[in-house]
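Accompanying notes for the structure given below.
There are 2 protein chains.
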Amino acid sequence: MSDINTYFQVHAQEFEKDLCTLLRIPSVSTDAERKPDMQACAQEVVRQLLQAGMEEARIMPTGGHPAVFATSKPRPGRPTVLVYGHYDVQPETPLELWESPPFQPTVRDGKIYARGTTDDKGQFLIHLKAAQALNAIHGELPVNLKFILEGEEEIGSPNLPAFIEENKDLLACDVLVISDTGMYAPGIPSLLYGLRGLSYLEVEVKGADGDLHSGIFGGAVPNPALELCRILTALKGPDGRILVPGFYDKVRDLSPEERAEWATLPFDEEEFRNSVGCQGLSGEAGFTTLERRWARPTLDVNGFLSGFTGEGVKTVLPGKAMAKISCRLVPDQDPEEIAHLVEKEILRLAPDTVEVKVRYHHGGRPWMTDPTHPVLEAAGRAAEKAWGRTPVRVREGGSIPIVSTFCRILEVPAVLLGIGLADENAHAPNEHLDLGNFHAGIRASAWLMEELAAQAAAK
Amino acid sequence: MSDINTYFQVHAQEFEKDLCTLLRIPSVSTDAERKPDMQACAQEVVRQLLQAGMEEARIMPTGGHPAVFATSKPRPGRPTVLVYGHYDVQPETPLELWESPPFQPTVRDGKIYARGTTDDKGQFLIHLKAAQALNAIHGELPVNLKFILEGEEEIGSPNLPAFIEENKDLLACDVLVISDTGMYAPGIPSLLYGLRGLSYLEVEVKGADGDLHSGIFGGAVPNPALELCRILTALKGPDGRILVPGFYDKVRDLSPEERAEWATLPFDEEEFRNSVGCQGLSGEAGFTTLERRWARPTLDVNGFLSGFTGEGVKTVLPGKAMAKISCRLVPDQDPEEIAHLVEKEILRLAPDTVEVKVRYHHGGRPWMTDPTHPVLEAAGRAAEKAWGRTPVRVREGGSIPIVSTFCRILEVPAVLLGIGLADENAHAPNEHLDLGNFHAGIRASAWLMEELAAQAAAK
Chain A
1 MSDINTYFQV HAQEFEKDLC TLLRIPSVST DAERKPDMQA CAQEVVRQLL QAGMEEARIM
61 PTGGHPAVFA TSKPRPGRPT VLVYGHYDVQ PETPLELWES PPFQPTVRDG KIYARGTTDD
121 KGQFLIHLKA AQALNAIHGE LPVNLKFILE GEEEIGSPNL PAFIEENKDL LACDVLVISD
181 TGMYAPGIPS LLYGLRGLSY LEVEVKGADG DLHSGIFGGA VPNPALELCR ILTALKGPDG
241 RILVPGFYDK VRDLSPEERA EWATLPFDEE EFRNSVGCQG LSGEAGFTTL ERRWARPTLD
301 VNGFLSGFTG EGVKTVLPGK AMAKISCRLV PDQDPEEIAH LVEKEILRLA PDTVEVKVRY
361 HHGGRPWMTD PTHPVLEAAG RAAEKAWGRT PVRVREGGSI PIVSTFCRIL EVPAVLLGIG
421 LADENAHAPN EHLDLGNFHA GIRASAWLME ELAAQAAAK
Chain B
460 MSDINTYFQV HAQEFEKDLC TLLRIPSVST DAERKPDMQA CAQEVVRQLL QAGMEEARIM
520 PTGGHPAVFA TSKPRPGRPT VLVYGHYDVQ PETPLELWES PPFQPTVRDG KIYARGTTDD
580 KGQFLIHLKA AQALNAIHGE LPVNLKFILE GEEEIGSPNL PAFIEENKDL LACDVLVISD
640 TGMYAPGIPS LLYGLRGLSY LEVEVKGADG DLHSGIFGGA VPNPALELCR ILTALKGPDG
700 RILVPGFYDK VRDLSPEERA EWATLPFDEE EFRNSVGCQG LSGEAGFTTL ERRWARPTLD
760 VNGFLSGFTG EGVKTVLPGK AMAKISCRLV PDQDPEEIAH LVEKEILRLA PDTVEVKVRY
820 HHGGRPWMTD PTHPVLEAAG RAAEKAWGRT PVRVREGGSI PIVSTFCRIL EVPAVLLGIG
880 LADENAHAPN EHLDLGNFHA GIRASAWLME ELAAQAAAK
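Chains as they are written, first to last, in the working numbering: chain A, 1 to 459; chain B, 460 to 918.
Encoded structure:
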């Protein structure tokens, strides 16, 4: 432990310098004109991986922007850790809102400002620099370490699932480690062990062939907007309980331990309510706000369109109404199965005066590593050393479909050690990263490798 | 009767010629560049009124396009009939869909094609030509006849209510006669004695301050789209009955006579359903389709907008949801009172987790002349002579706010003797009018004046 701390006192500046080199490359994956920058960024990542002592680092083609793969010299008997991250970044617009140029990293108040600092260059780099430190100190790594760093995360990772499937053996590992999320709160290291999945549908209700005069036809011709309201209302009770038969059948209950642990998290309901600006919070009866957001499935209307929606007045009886609805899913719900159940219930509720069509857009599986899994214990000890306090074990309500894809194909647990903070403006102007968390993250990653090695050796 | 028929055989062509003169003037009220045409049209109307033997005819200014007023030589003791119509027309676009130019009247198959034929130049002209015929035959009219022909009907008559109020004495009469609507079906003369009113509102439901990530916040933050669905659903039962307390309190019941008469009207439910293209008809339980459209109030959603409504997928939890809703009203419902009741119920239904605002856009009173009123009997006899069959007495579901404004301010009954047909393309390309109905309409108007005079004399 002291070796690592000592090494850090000497090399911290150098690590920041390497981070800046990465941040200067505008690797915006969505911008076709920046393809050369994407290539240059991938090359710089390869250079830093080799500099960190990885035995092999190379650019691998995908159907889109290339991925970077690296591996340390394989040593039998040691556990294999796969680090996933992404070197592409969000577009920098609107430029005028940046206090310093997005691709000129600038340090202010112990924070480094640039596009990609917290999402995700500054985060995946902690594992690379941890490897560099361990290699420098010990001449080797305590684990077999692999990296897979993609260039298409900000455009939805369209090619990654096929890539993982095709390179299953190359990516084989014992545990997946990702730093691309946030800490629960400043100063509180966080281990994220669960994410919700998604099932997204669109419903269209058709009445008449087109919009009609509401005076001439109103009262005798079905109103598709009102019929759609009636259907959507019937999908969820006023107590927040989803009324689709079978919806909760595969929902894994929150364990008493999880509920107890989450209850100790600093969370101010009133502050949360204020931050979103709503008059009151609501949700499924019998659960706290955190439980509702992290561990309970939802059914939300994401969009609704029917008839005349401009300024003023138009007396139309709409011909059609459309709603986008989606469910956030929790283990062990299956996106397609839920889509099917919701569709079935919608069609059952539909009156025979209107035509109702349901379309399944897409879905993503929920993901969860058992919070008592040994890799989480190892990560917990490592994070505690780095930040000086026991990390909290949390879930999140959003979906990162690639996590469950990795875990499912490679059949491994994952630990998500995020070092970002909620106010660090990921995807927004003035994106930044706390340098204290950057350095703590590198140490945490180094100790995590040591912990995982010790755990494997003890078996 | 034979005098009038004889006169017609001689002058039919001449009447059509005068109609064509009016139709050639592109009096499009919505088009600022056609202000001179509006003026020219008003002048031509004045010319024809004087030619028809009216004692006085003049252009009167309003806040917008002028109105034309005319009166016959007053003869004490005779009933006064006020004819309302409008000389402005809808825009002629899209021009390429017209088979003959919109302002070059063309006769094909006994129908005259041009913008304004059925709406409303060809309709109001029947009363003018009836006066001309009666004056020619008898040297005088059996009634005191007044005309008020406005130039802003197609833009919503913004200045007419104030004009009526200000010219109450000038417009004073015993009965209002309007030809600006349709016949129930070809060959079936129709007396329209009721129109629905309107009360139009907009509801906004606000949850969070903006759209949120549905994964991070979904399940704990209220969904305004779903809350609005819940509110709207609760306003109307699945049986089509409106659940707003007090909503039906002032609804005048359909009389057994009306129901019986309407039941004899030729109406094919299946043909109607097919014409609107909906899978099934629906409405308030216990009423027929015609009753639902003509004599029962409604509550319809005219528009609904919330969240993401583009192509594909966006996982937002909307911050706001908006719906336009309106009620068609029947006698004796009051638009503002109904707006107030609906608003009150919406606010009562709103959960305290969201902010709900209701805005009253505007309304219009329902209108009805008792179907057994003597003026309707007189009109019935006149129409029967002209078309050779007893007219049907009907209501309509739409609103013509100006009718109730006239009747309320002048305190008179009205009879709406429409000679248009549903397929004559009012407001659309290839607008036309059946010349048989035009000529029958002139005779009907002449006989109506004689009937009203006889009725007054018999008192």
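Here a beta-carbon is modelled for each residue, glycine too, at the ideal position from N, C-alpha and C.
Note that the structure is a prediction, hence the values are computed from the model and not measured.
Check, Outcome
"Met-1/A classed as buried or exposed, judged by whether at least 16 other C-beta atoms fall within 10 angstroms", "Annotation note: pLDDT 48 at Met-1/A (below 50); position unreliable, coordinate value reported separately. Classification for Met-1/A: exposed."
"Residues near Gln-13/A in its chain [Cβ-Cβ closer than 6 Å; skip 5 each side]", "none"
"Touching by the beta-carbon criterion (3+ pairs, under 8 Å), the segment 817-835 of chain B and the segment 726-740 of chain B", "no"
"Start-to-end residues for the beta strand (DSSP E) that takes in Leu-299/A", "Where Leu-299/A is concerned, there is no enclosing beta strand (DSSP E), given that its DSSP letter is neither H nor E."
"Supposed contact pair Ser-658/B and Gly-822/B - C-beta distance, whole angstroms, cut 8 Å", "4 Å"
"Thr-71/A - DSSP class collapsed to helix/strand/coil", "strand"
"Glu-503/B versus Leu-481/B - alpha carbon distance", "7 Å"
"Simplified DSSP assignment, three categories, for Leu-509/B", "helix"
"Closest by C-alpha distance to Ala-838/B, when choosing among Val-469/B, Val-487/B, Glu-909/B, Leu-509/B", "Glu-909/B"
"Spatial distance of Leu-191/A from Val-177/A (CA atoms)", "11 Å"
"Option in Ala-70/A, Lys-146/A, Ala-136/A, Ala-42/A with minimal Cα separation from Thr-463/A", "Because chain A spans 1 through 459 in this model, residue 463/A falls outside it and cannot be assessed."
"Partner residues on chain B for Ser-326/A, Cβ-Cβ distance less than 7 Å", "Ser-673, Thr-774"
"Cβ-Cβ distance between Gly-303/A and Lys-324/A below 9 Å", "yes"
"Contact set between Ser-399/A and chain B, taken where Cβ atoms lie within less than 7 Å", "Gly-674"
"Within 9 Å, strictly: CB atoms of Val-330/A and Ala-285/A", "no"
"For His-470/B and Phe-217/A, the rounded distance between their alpha carbons", "40 Å"
"CB contact check: Lys-695/B to chain A, cutoff 9 Å", "yes"
"Where the beta strand (DSSP E) containing Lys-111/A begins and where it ends", "111-113"
"Positions along the segment 685-712 of chain B whose CB lies within less than 9 Å of some CB in chain A", "Leu-685, Glu-686, Leu-687, Cys-688, Arg-689, Ile-690, Leu-691, Thr-692, Ala-693, Leu-694, Lys-695, Pro-697, Gly-699"
"DSSP state of Arg-818/B mapped onto helix, strand, coil", "strand"
"Under 8 Å (Cβ pairs) to chain B, residues found in the segment 339-367 of chain A", "Pro-351, Asp-352, Thr-353, Val-354, Glu-355, His-361, His-362"
"Euclidean distance between Cα positions of Ala-133/A and Leu-305/A", "56 Å"
"Nearest-angstrom Cα separation, counted from Gly-436/A out to Lys-17/A", "15 Å"
"Residues that Phe-304/A bridges to, as DSSP identifies them", "Ala-323/A, Ser-765/B"
"Counted within 10 angstroms of its Cβ, other Cβ atoms place Leu-376/A as buried (16 or more) or exposed", "buried"
"Nearest-angstrom Cα separation, counted from Gln-498/B out to Phe-474/B", "22 Å"
"Contact set for Thr-692/B: own chain, Cβ-Cβ below 6 Å, skip 5 residues either direction", "none"
"Reduced DSSP category for Tyr-248/A - H, G, I as helix; E, B as strand; rest coil", "coil"
"Backbone secondary structure at Met-1/A - three-state DSSP", "Summary for Met-1/A: the model assigns pLDDT 48, below 50, so the residue's position carries little reliability; its value from the coordinates is reported in the next sentence. Of the three classes helix, strand and coil, the one that applies to Met-1/A here is coil, per DSSP."
"Neighbourhood of Thr-62/A by C-beta distance below 6 Å, restricted to the same chain and skipping five residues each side", "Asn-159, Phe-163"
"Contained beta strand (DSSP E) runs [length at least 3] in the segment 613-643 of chain B, N- to C-terminal order", "634-637"
"In chain order, each alpha helix (DSSP H) run of at least 4 residues that lies wholly inside the segment 192-272 of chain A", "214-217, 224-235, 256-263"
"Neighbour flag for Phe-406/A against chain B, beta carbons, 9 Å", "no"
"Local conformation of Asn-437/A per DSSP, three classes", "helix"
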